[in-house]
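All remarks here apply to the structure that follows.
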Amino acid sequence: MKVDAVLQPSELPFLSKRGGAGVVCVVFDVLRATSSMVTGLAYGVSEIFPAATIEAAMELKKRHPGALLGGERRGDRIEGFDLGNSPADYVGREGASIIMTTTNGTVALQACAGVGTLLVGALSNLRAVAAAVRSLNPGTLLAVCSGTGDGVALEDVWAAGALVEHFPEAEWSDAALTAQALKRALPDAWEALRRSSNGRALLAKDRGADIEWCASLDRFEAVGMMRDGVVGLFREGGVA
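Residue numbers (my numbering): 1 to 240.
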């Protein structure tokens, strides 16, 4: 197996050239979109509809009027939405359908649609994601970092580095080695997330509890899988 990584959003438009039937993409937006998605699925959310824009989210709402609207812009809950982007917002939503739009995470998920099998990863389900990848036995694992705006997000690259370490036998790209080097330079997840620009922004808004939640390794067994524009709970062989 080959292991590769997309380290920043500027690479997303070129993903189609790296896709194929033998590719598994794992998308990370650790602070906080994919961490919130994983939390929701772990607590019984039935399905999540990622939308790249607020307008796309509102169109989905017309088709799924019973769904909750969740997401953020500039880190804050979108006006009129039911949920923000804090993992705590996605606890206790058993059976819910959620339409979600965020600045980077849902954009990355949409960009990866059709590239290969698409999994939703976080630090909170990292070991379970690695097990899911092994069960799928791909030719290529592509860890996709959603980033911040147009730039690199330290926490996403850290997560990519932590994931590739589960596959020491694989053939690693330079991007995968770069991610691992960052993770080894900052071995403590909480410290890495706290020092990131997104972490500092959350601390400035008194949202340190979100960082602590997102930095908690292997809290959940839930893994999200996106198919036909919908994220559901992954089971070996498909979506539950």
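Even glycine gets a Cβ: it sits at the ideal position worked out from N, Cα and C.
Exclusion of the five residues before and after G161 leaves A179, Q180, L182 and K183 as the residues of its chain whose Cβ lies within less than 6 Å of its Cβ. Rounded to the nearest whole angstrom, the CA to CA distance from G92 to G232 is 17 Å.
Boundaries cannot be given for R32, as no alpha helix (DSSP H) includes it and DSSP labels it neither H nor E. In this structure, the alpha-carbon of A5 lies about 8 Å from that of S173. By the Cβ-count criterion, D156 is buried, with 16 or more other Cβ atoms from all chains shown falling within 10 Å of its own Cβ. With respect to L217, L126 sits close: the two C-beta atoms are nearer than 8 Å. As the crow flies, the alpha-carbon of H64 is around 43 Å from that of P168.
The shortest C-alpha to C-alpha distance from I98 to any of V27, L142, Y43 and V144 is the one to Y43.
For V120, the enclosing beta strand (DSSP E) covers residues T117 to G121. Ranked by how close their Cα comes to the Cα of V223, the residues W190, S36 and A67 have S36 in first place. The beta carbon of W190 is closer than 6 Å to those of A215 in its chain, skipping five residues each way along the sequence. When the five nearest sequence neighbours on each side are left out, the beta carbons in the same chain lying within less than 6 Å of the beta carbon of E72 are those of G84, N85 and T102, in order along the chain. Judged by DSSP in its simplified three-state form, R74 adopts coil rather than helix or strand.
In terms of Cα proximity to S196, the closest of S10, R32, G20 and R18 is R32. By the neighbour-count criterion, in which 16 or more other beta carbons inside 10 Å mark a residue as buried, N137 falls on the exposed side. Within a 10 Å sphere around the beta-carbon of E47 sit 16 or more other beta-carbons, which makes this residue buried.
Leaving aside the five residues that flank V129 on each side, the residues in its chain whose CB is nearer than 7 Å to its CB run, in chain order, V26, L119, G121, L163 and V223. Across the structure, L123 and E171 are spaced so that their CA atoms are roughly 23 Å apart.
Take T148, set aside five residues on each side of it, and the residues of its chain with a beta-carbon closer than 7 Å to its own are N104, S197 and N198, in chain order.
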